[in-house]
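Asks: Every position in the sequence shown, counted from 1, becomes a number in our numbering once 97 is added. Note that beta-carbon positions come from the ideal geometry of N, C-alpha and C, so glycine has one too.
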Amino acid sequence: MRTILLLLISFLTIQTSKAQESYTISGRILNEKNESIEYATISLATIPSSSVLEGGITDKNGRYKVSVSKKGTYLLKVEYLGYLDYDKEINIEADNVLDNILLQEEVVVLDELVITARRKLINNNKGRISMNVADSELSRLASTLDVISLMPSLTVSGSDLSVVGRGKPLIILNGREVKNIEEIANLSPDRIKKITLDRNPSSQYDASYNSVLLIETKDQLKDQLSLQLIHRSGVKRQYNHNETINVNHKLGKFSNFISYKFGDGKSHDKVENFQNININNSKISNSYYSDAIDKKKEHSLNLSSSIVFNDKNQLNFQYNMNIEDKKLNVSGFENRSESNPSYLDIFRSSINSKNYPALSMNHSWKIDSLNQIKVYADYIHQSNNGTENILSQNPTEQFYNKGFLKGNSTFNTYAVRTEYSTKLFNNYDMMLGIRYSGIRNHALSDFNNSDTDLSFITNSKLNEQTSAVYGTFSRQLDNIFIEVGLRGEWNIGKYYNNDRSVFDQPRKLSNIFPSLSVSYDVSKSTQLNFNYNSKISRPNFEDLDPIVNYLSSSLYEQGNPILKPTISHNFSLGATLDNGLVVNGGFSYRNNLIAYTIVPFDEEKNIWVNTPINIPNSYSVNFNATYSKMFGKLISNLTADVSAPFLKYEFLGSQTSNNKTQYQLISANIYRLNPNVFFVGNIAMSSKYGYVNTLFDPTYRLTLAVNVTLLDGKLDLALFGNDILRKGNPNTISRYGLVEYGQKLNLDTRMIGLTAKFNINKFKTLFKPSDSNQLELDRIAK
């Protein structure tokens, strides 16, 4: 393995010995007033299939440059919002500077009403859905999350993103992995050029993700100093607010960005839990009710610097610091029906703090028009400390039970990633990459009950390294596009619990993840797509950690260090049609799905533990359709999804199934009253459905907002309502082994609020957060 890595590193860090030919055309795009048009889309397509080979956008002077690998006749296409598309056949035999291209504004006359036509915002190509944001209505929305919420197949719940039928996506911003959704939320919409969703990512991307969200931003601005002030207030059951100050400075080759955010958040959640335990021919029923008030204060600091040496070399540095202090007070009661039924009042009080510094660096080197190397490096340290006091009392028997839980943990993660892209034989696009990451964790918990003999100390240590080598090869053959990918991952893990190794020897896992994507252009506007990929879902570290956490007087929580990762094989067949309709059908096979169950911890005292397990085999079928359309001033996206699982598991001594189909319908809409006023309305609905060993109740999530721009763009106001119906989270019932358990939720998710942004000196976001540690962070933060 070490030899392979050394050979590949050597290959990635030298330029190919034989230069490859390329032919470049360049020119300038103007409007009818001879004014430069920035961000116009330029592309070269094959004839007659119109399959796009290469493309780019114009700079602030309207200039463009596009290269191809071989001579021939191509279709040059120019697109820009509000203007007629420009198409022209050109013959490329050598480098050439073309004459200026003048775009004409497109207008439609209806009953004496003149309307400027607008290019459609949603495009589909090679199975990917792209949304053009630059200089569109979307760029005027209050936040980037508002923009993303209009993306077909994507749902936004608070600060959580989810792709229908695919789960949480990997977020790539200008080629860099993003570690925290808040950094995307702080990105100004007017800096975004395009957002693309890939529901079937290739082997280039981390094998833990079933979808990828790619965000491209515009080029950096001219030299300037600018400032942005942001205030956000929201009322749930408690009042929440946060304030942010962003400062940009750019001078010549150097750009600097400073951001500070303070947040004061409160929530008030109410939850009912129950468990029915069937043991020794009898049934024990326990129920719990909790009323929790959570208070959290956080500070976030971001420092970024960028140096553009020339048009081929750019170096970026970033430092982030997040500090979070949290206080939680819980009151409630427990009912336990056993040989001696009992009733307990429960009071819990906890204090937790989190410290989260991170460093990152990335470098991009364009060797020439065909060869490019990118290097990413990241380091993150995270420390968590907390204490909790627990009081149980029986008001009739004057019984008191006091417990104290203390815990702390530290995580140190690092990652290095290098990618090399080129063209082989002037026809094949090739990308090769390597990635190495590691994580060290030390966690200590101490639980003591002063009124009983129950106490335990858990001291765990984790050391894990993951290496990956991957590559993709693709080629456009007239109206057929083929991409083949292969990714190899090697994982070594050492886990110690109270100084004893959890494994007899270091656990070694190795997997190969192939991918295949084929697109066939039936016509200029109709495309068929086939995709296959293999993925892995590694357990979160909380799922592996054997530290015991207190949930109630009879229920604890504990990880399972021998938990295996889930391996899946996914097939998809889809079609993109001319009228904006995209349909997909898929099949997935999974091995070692992760489920949760309750098992005995101390049967004599009727104490149980909630822990994760593996379910061997399952498969599912999926059908997904999206439809995007512009109706005058209304932009509407509709997504429908049907997912049917098929698996069996053990319950009450026999095999049972939980194969209830899920039906989802999502509608995202934006209405443009005038250039300065927008209305946003999104609704996401899901039927009752089964997943693994859990049954989920229906959900309905409604979001409404109005966005107003004042003072010539200096002030942006947004009045919003999130999860207005407070039906966005499902109640659940789970069954496994001898236990049935579930919960009814009354969470503090409805928020009515106001966001105000004040821009001084035309503030624009210059910096894009970067991080190669996304996978490790997802596994830390369950």
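1) Return the first residue and the last residue of the beta strand (DSSP E) that Val309 is part of.
2) Whole angstroms are fine: how far does the CA of Phe354 sit from the CA of Glu274?
3) Is there contact here, the region 621-641 with the region 595-611, by at least three beta-carbon pairs under 8 Å?
4) Exposed or buried, what is Gly729 when buried is set at 16 or more other beta-carbons lying within 10 Å of its beta-carbon?
5) Could you pull the start and end residues of the alpha helix (DSSP H) that Ser379 belongs to?
6) Who pairs with Ile355 in a beta bridge, going by DSSP?
7) Please work out which residues of its chain come closer than 6 Å, Cβ to Cβ, to Leu541, disregarding the five sequence neighbours upstream and downstream, and give them in chain order.
8) So Lys350 and Phe406 are supposed to be a Cβ contact under 8 Å. How far apart are they, rounded?
9) Just how far apart, CA to CA, sit Glu779 and Thr694?
10) Using the three-state DSSP reduction, which class does Lys621 fall into: helix, strand or coil?
11) Contact defined as beta carbons within less than 8 Å: I believe Leu822 pairs with Leu799. What is the distance between those atoms, to the nearest angstrom?
12) Among the candidates Phe776, Asp794, Ala853, whose CA atom is the shortest distance from the CA of Val244?
13) CA-CA distance, Ala692 and Asn711?
14) Output the distance between the C-alpha atoms of Asn688 and Ser751, rounded to the nearest integer angstrom.
15) Who are the near neighbours of Asp65 in its chain, counting only those whose CB is closer than 8 Å to its CB and skipping five residues on each side?
16) Which whole-angstrom value describes the C-beta separation of His666 and Ser715, a residue pair presumed to lie in contact below a C-beta threshold of 8 Å?
17) Does DSSP classify Leu173 as helix, strand or coil?
18) So, with DSSP's three-state summary, where would you put Ile732?
19) Could you spell out where the beta strand (DSSP E) holding Ile477 opens and where it closes?
20) Between which two residues does the beta strand (DSSP E) containing Leu242 stretch?
21) Closer than 6 Å by C-beta to Ser402: which residues in its own chain qualify, once you throw out the five before and the five after it? Chain order, please.
22) Report all residues from its chain with a CB closer than 6 Å to the CB of Glu82; omit the five preceding and five following residues, and keep chain order.
23) Which residues mark the beginning and the end of the beta strand (DSSP E) in which Glu421 is found?
24) If distances are taken between C-alpha atoms only, which option among Tyr797, Leu652, Asn339 comes closest to Phe371?
25) Please report the Cβ distance between Val309 and Asp738, rounded to the nearest whole angstrom; I am assuming they are in contact, meaning their Cβ atoms lie under 8 Å.
26) Any chance you could list the beta strand (DSSP E) runs of at least 3 consecutive residues sitting entirely within the region 732-789, in chain order?
27) Leaving out five residues before and five after Leu674 in sequence, what residues of the same chain have Cβ atoms less than 7 Å from its Cβ?
28) Could you spell out the range, first to last residue, of the beta strand (DSSP E) harbouring Phe570?
29) Taking Cβ to Cβ, would you say Leu326 is nearer than 8 Å to Phe855?
30) Per DSSP, which one or two residues make a beta bridge with Ile857?
31) What's the C-alpha gap between Tyr833 and Gln840?
32) Report yes if the C-beta distance between Gln201 and Tyr177 is below 8 Å; otherwise report no.
33) Find the nearest neighbour of Asn885 within the set Lys185, Lys162, Glu369, Glu586, judged by alpha-carbon distance.
34) In whole angstroms, give me the CA-to-CA distance for Thr213 and Glu395.
35) According to DSSP, is Glu135 part of a helix, a strand, or is it coil?
36) Quick one: Cα of Phe508 to Cα of Ser123, how far?
Replies: So, to answer that:
1) Here residue 309 is taken as the residue at index 212 of the sequence shown, counted from 1. Per DSSP, Val309 belongs to the beta strand (DSSP E) from 309-314.
2) The residue labelled residue 274 in the question sits at position 177 within the sequence shown. The residue labelled residue 354 in the question sits at position 257 within the sequence shown. Distance from the CA of Glu274 to the CA of Phe354, rounded to the nearest whole angstrom, comes to 19 Å.
3) Touching, yes, given that three or more Cβ pairs across the two stretches are closer than 8 Å.
4) The residue labelled residue 729 in the question sits at position 632 within the sequence shown. It is exposed - the Cβ of Gly729 has fewer than 16 other Cβ atoms within 10 Å.
5) For the purposes of this step, residue 379 is identified with residue 282 of the sequence shown, where counting begins at 1. Secondary structure note for Ser379: it is in no alpha helix (DSSP H), and the uninterrupted beta strand (DSSP E) holding it is 379-407.
6) Residue 355 sits at position 258 when you count from the first residue of the sequence shown. Within the DSSP secondary-structure output, Ile355 pairs in a beta bridge with Val344, Leu400.
7) Within the sequence shown, the letter at position 444 stands for residue 541. Within the same chain, Cβ atoms closer than 6 Å to the Cβ of Leu541 are found at Asn505, Asn556, the five residues on either side in sequence being excluded.
8) What you label residue 350 is simply residue 253 of the sequence shown in a count that begins at 1. What you label residue 406 is simply residue 309 of the sequence shown in a count that begins at 1. The Cβ separation is near 7 Å, so the contact holds.
9) Position 682 of the sequence shown, counted from the first residue, corresponds to residue 779. Position 597 of the sequence shown, counted from the first residue, corresponds to residue 694. Note on residue identity: the sequence assigns Asn, not Glu, to residue 779. Straight-line Cα distance between these residues: approximately 35 Å.
10) The residue you call residue 621 lines up with position 524 of the sequence shown. Coil at Lys621, not helix or strand.
11) Reading the sequence shown from its first residue, position 725 is the one you call residue 822. Reading the sequence shown from its first residue, position 702 is the one you call residue 799. Between Leu799 and Leu822 the Cβ distance is about 5 Å, and since that is below 8 Å, they are a contact.
12) Residue numbering aside, residue 244 sits at position 147 when the sequence shown is read from its first letter. By alpha-carbon distance to Val244, the top candidate from Phe776, Asp794, Ala853 is Phe776.
13) Along the sequence shown, one-based indexing puts residue 692 at 595. Along the sequence shown, one-based indexing puts residue 711 at 614. Distance between the alpha carbons of Ala692 and Asn711 is about 6 Å.
14) As a first step, residue 688 is located in the sequence shown; it is residue number 591 there, counting from the start. As a first step, residue 751 is located in the sequence shown; it is residue number 654 there, counting from the start. If you draw a straight line from the Cα of Asn688 to the Cα of Ser751, it is about 20 Å long.
15) Residue 65 is absent from the model: the chain starts at 98 and stops at 879.
16) Looking up residue 666 in the sequence shown gives position 569. Looking up residue 715 in the sequence shown gives position 618. The beta carbons of His666 and Ser715 sit about 12 Å from each other, so the pair does not count as a contact at 8 Å.
17) One-based indexing of the sequence shown puts residue 173 at position 76. Three-state result, Leu173: strand.
18) To locate residue 732, count along the sequence shown from 1; it is residue 635. DSSP places Ile732 in the strand class (E or B) of the three-state scheme.
19) Mapped onto the sequence shown, residue 477 falls at position 380. Its beta strand (DSSP E) spans residues 469-491.
20) Start at 1 with the first residue of the sequence shown, and residue 242 comes out as number 145. Counted as a single uninterrupted DSSP element, the stretch harbouring Leu242 is not any beta strand (DSSP E) but the alpha helix (DSSP H) occupying residues 241-246.
21) Position 305 of the sequence shown, counting from 1, holds the residue named residue 402. Setting aside the 5 residues that flank it on each side, Ser402 is surrounded in the same chain by Asn353, Phe414, each with a C-beta closer than 6 Å to its C-beta; the list follows chain order.
22) Any question about residue 82 goes unanswered here, given that the chain covers just 98 to 879.
23) As a first step, residue 421 is located in the sequence shown; it is residue number 324 there, counting from the start. Unbroken beta strand (DSSP E) run through Glu421: 410-434.
24) Along the sequence shown, one-based indexing puts residue 371 at 274. A check of alpha carbon separations from Phe371 across Tyr797, Leu652, Asn339 identifies Leu652 as the nearest.
25) Within the sequence shown, residue 309 is the residue found at index 212, counting from 1. Within the sequence shown, residue 738 is the residue found at index 641, counting from 1. By a beta-carbon distance limit of 8 Å, Val309 does not contact Asp738. Their separation comes to about 18 Å.
26) Fully enclosed beta strand (DSSP E) runs of 3 or longer: 751-754, 759-771, 774-783, 786-788.
27) Numbered from 1 along the sequence shown, position 577 holds the residue referred to as residue 674. For Leu674, the CB contacts under 7 Å within the same chain, skipping 5 residues up- and downstream, are Thr623 in chain order.
28) Counted from its first residue, the sequence shown places residue 570 at position 473. Note, Phe570: beta strand (DSSP E), 552-574.
29) By 1-based counting over the sequence shown, the position of residue 326 is 229. By 1-based counting over the sequence shown, the position of residue 855 is 758. In terms of Cβ geometry, Leu326 and Phe855 form a close pair [threshold 8 Å].
30) To locate residue 857, count along the sequence shown from 1; it is residue 760. DSSP lists Leu324 as partners of Ile857.
31) By 1-based counting over the sequence shown, the position of residue 833 is 736. By 1-based counting over the sequence shown, the position of residue 840 is 743. The alpha-carbon atoms of Tyr833 and Gln840 are separated by roughly 15 Å.
32) Numbered from its first residue, the sequence shown carries residue 201 at position 104. Numbered from its first residue, the sequence shown carries residue 177 at position 80. The Cβ atoms of Gln201 and Tyr177 do not sit closer than 8 Å to each other.
33) Any property of residue 885 remains undetermined from this structure, which presents the chain solely from 98 to 879.
34) For this step, residue 213 is matched to residue 116 along the sequence shown. For this step, residue 395 is matched to residue 298 along the sequence shown. Because Thr213 sits at a pLDDT of 40, beneath the cut-off of 50, its placement in the model cannot be relied upon, and the following sentence gives the value as read from the coordinates. Near 46 Å, if we compare the C-alpha coordinates of Glu395 and Thr213.
35) As a first step, residue 135 is located in the sequence shown; it is residue number 38 there, counting from the start. Under the three-state reduction of DSSP output, Glu135 falls in the coil class, being neither helix nor strand.
36) Here residue 508 refers to the residue found at position 411 of the sequence shown. Here residue 123 refers to the residue found at position 26 of the sequence shown. Their Cα atoms are separated by approximately 50 Å.
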